[in-house]
């Protein structure tokens with residue numbers, strides 16, 4: 005370990021072969037990878053009430069999330085959720101730095117999986133480097149083919165699962181087995197699979213460096229009390245190699261033995277000893293590496309550790325500071341509002357579309373008639389019958405076809421409606437007319453929509 | 002810190018990125034950013050517009066199923082956003098006195 009050349013082994017222009025390392029944080033990350041990949045690949049197959057538990061049924065324009073059935077009209081909830089997700093990212097970044105990058109980002113998670121497959125086919129870091137340099141022979145071809153087969157298989161499975169969240173995955177599976185996959189389905193499986201293959205197999209840290217918007221603006225959320233991975237310069241310097249049992253003080257050396265293990269394990273190929281850099285995705289691989297070296301040298305652990313800039317400067321770290329409190333308050337308020345809105349949501353919607361062909365009709369003598377198309381969306385898990393009434397104009401009456409509106413669970417009914425008033429009852433021009441939809445069986449299940457009534 | 006600049010910030014200088022050529026990086030950034038925005042635009046647009054209803058009111062020979070509609074919508078948005086991003090990068094790269102680098 006110690007006594008290597010002393011020069012950094014890493015060349016930036018070269019492909020990075022991150023050396024694998026075992027340790028607390030590596031195990032934490034692998035646990036994260038397994039849980040997240042398990043969720044991604046497993047959740048699609050989970051059944052709930054006789055249907056797929058999580059399904060964004062795009063062909064039917066209905067989104068199922070366990071008991072919840074959402075329609076495109078509920079887009080509000082999705083955008084709300086995205087805002088909550090973004091704010092959580094800000095909150096956790098201010099508090100604990102780039103936790104997202106190191107443990108939860110799909111780029112990290114799939115890269116970890118692809119690295120694992122690469123290791124399986126081509127061996128560990130040094131062996132892989134050697135293999136890449138070696139001339140093409142039977143062994144190299146066999147290993148490269150094995151790696152590509154694993155990668156492509158896994159990528160296609162990923163693409164298949166992705167599409168399985170948008171069209172029922174069981175049907176999709178049957179279609180794959182019977183080779184009757186539709187054109188667009190095939191296209192998206194291959195497209196998403198290819199994106200996974202390229203990003204996790206080849207692009208890797210380049211995605212974080214050049215393509216990720218978060219990597220660029222995360223520093224705005226940082227302050228001197230945010231958790232970062234840092235090298236304890238005052239303890240480590242001056243760095244230098246030494247024999248295992250040499251007294252560093254006598255040799256005028258700090259605790260860093262300059263073994264460059266922290267550089268070798270870094271997936272983005274940086275040297276953490278140069279200070280915090282934007283390429284650092286806070287994966288903590290260098291902490292694991294350095295701790296293992298410190299153990300071998302019988303030095304205390306933590307030469308590289310999770311710390312804050314304040315702590316490194318000897319100033320006390322404050323966890324509760326305005327930035328954290330503001331993010332936290334907003335986050336809590338948004339979450340509370342979301343839960344409230346979700347539970348008080350009326351699972352019924354009425355869309356009214358005026359007949360565009362005629363402003364008004366005088367179909368019956370003595371009456372002015374406007375024609376509308378009503379779309380009644382039953383977002384509930386139960387079928388319902390609804391009554392509809394109109395109000396807001398003198399002598400107003402309503403006729404619908406059919407007269408009783410029955411809508412099955414999660415379905416949409418389209419109904420023609422004629423609203424008429426007596427001739428001369430309303431002034432010439434447009435007037436507001438109010439449609440009220442009421443479920444016959446549930447008193448609370450009601451909604452009101454306003455539209456325009458045009459009179460000659 | 003060192004030549005990398007302030008902590009956690011990307012370097013201002015293009016030359017510190019040695020792994021990909023500038024043109025390659027520009028293409029990646031254009032493709033990727035426009036992809037992200039196109040995905041958001043597709044989501045927003047089709048939250049309110051049913052591709053079937055859209056096919057009814059346009060003269061274009063749009064596909065009759067929703068999946069086809071979503072896909073065409075996505076690629077249409079991607080094309081638009083990519084064109085905009087490409088033009089932006091081109092104009093920034095060819096500012097007066099800054100001919101595009103061929104590295």
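Chains as they are written, first to last, in my numbering: chain A, 5 to 460; chain B, 2 to 104.
All C-beta atoms in this analysis are idealised placements derived from N, C-alpha and C, irrespective of residue type, glycine included.
Query                                                                                                                                                      : Result
Please report how far the alpha carbon of residue 181(A) lies from the alpha carbon of residue 197(A), in whole angstroms.                                 : 18 Å
Would you mind sorting residue 26(A) into buried or exposed? The rule is 16 or more other CB atoms within 10 Å of its CB.                                  : exposed
CB-CB under 7 Å to residue 15(A), same chain, minus the five flanking residues each way: which ones, in chain order?                                       : Per-residue confidence for residue 15(A) stands at a pLDDT of 38, beneath the threshold of 50, marking its modelled position as unreliable; the derived number appears in the next sentence. Hits under 7 Å: none found.
Would you kindly check if the distance between the Cβ of residue 286(A) and the Cβ of residue 103(A) is under 9 Å?                                         : yes
Run down chain B in chain order and give the residues with a C-beta less than 9 Å from the C-beta of residue 511(A).                                       : Missing from the structure shown is residue 511(A); chain A here goes from 5 to 460 and no further.
So is residue 171(A) in contact with chain B if we call contact Cβ pairs under 9 Å?                                                                        : yes
Check the DSSP bridge columns for residue 69(A) and list the partner residues they point to.                                                               : 58(A) and 72(A)
Measure the C-alpha to C-alpha separation of residue 229(A) and residue 330(A) and round it to an integer number of angstroms.                             : 15 Å
Candidates 433(A), 100(A) and 442(A): which alpha carbon is nearest residue 456(A)'s?                                                                      : 433(A)
Please name the residues in the stretch 188 to 207 of chain A whose beta-carbon is closer than 8 Å to at least one beta-carbon of chain B, in chain order. : 188, 189, 191 and 192
Consult DSSP for residue 19(A) and reduce its assignment to one of helix, strand or coil.                                                                  : coil
Taking the C-alpha atoms as reference points, what is the distance between residue 453(A) and residue 352(A)?                                              : 12 Å
Mapping DSSP to helix, strand and coil, what is residue 467(A)?                                                                                            : There is simply no residue 467(A) to check, as chain A begins at 5 and stops at 460 in what is shown.
Rounding to the nearest angstrom, what Cα-Cα distance links residue 90(A) and residue 101(A) in this structure?                                            : 14 Å
Going by the DSSP bridge assignment, what does residue 376(A) pair with across the sheet?                                                                  : 358(A) and 421(A)
On the three-state DSSP scale, how would you describe residue 101(A)?                                                                                      : coil
Against chain A, which members of the stretch 47 to 69 of chain B pass a CB distance test of less than 8 Å?                                                : 47, 48, 49, 51, 66, 67, 68 and 69
In angstroms, rounded to a whole number, what distance separates the CA positions of residue 368(A) and residue 390(A)?                                    : 27 Å
State yes or no: is the C-beta of residue 251(A) within less than 9 Å of the C-beta of residue 264(A)?                                                     : no
What does the alpha-carbon distance come out to for the pair residue 10(A) and residue 273(A)?                                                             : Legend: pLDDT at residue 10(A) = 43, less than 50; position of this residue unreliable, value from coordinates given subsequently. So the two alpha carbons sit approximately 17 Å from each other.
Once the 5 residues before and after residue 125(A) are set aside, which same chain residues still bring their CB inside 7 Å of it?                        : 147, 150, 151 and 154
Mind listing, in chain order, the continuous alpha helix (DSSP H) runs of no fewer than 4 residues lying wholly within the stretch 83 to 146 of chain A?   : 110 to 126 and 129 to 137
Are residue 416(A) and residue 404(A) closer than 9 Å when you measure CB to CB?                                                                           : no
For a quick check, are the C-beta atoms of residue 295(A) and residue 308(A) less than 9 Å apart?                                                          : yes
For residue 95(B), name the three-state secondary structure that DSSP assigns.                                                                             : coil
Can you look up residue 235(A) in the DSSP assignment and give me helix, strand or coil?                                                                   : strand
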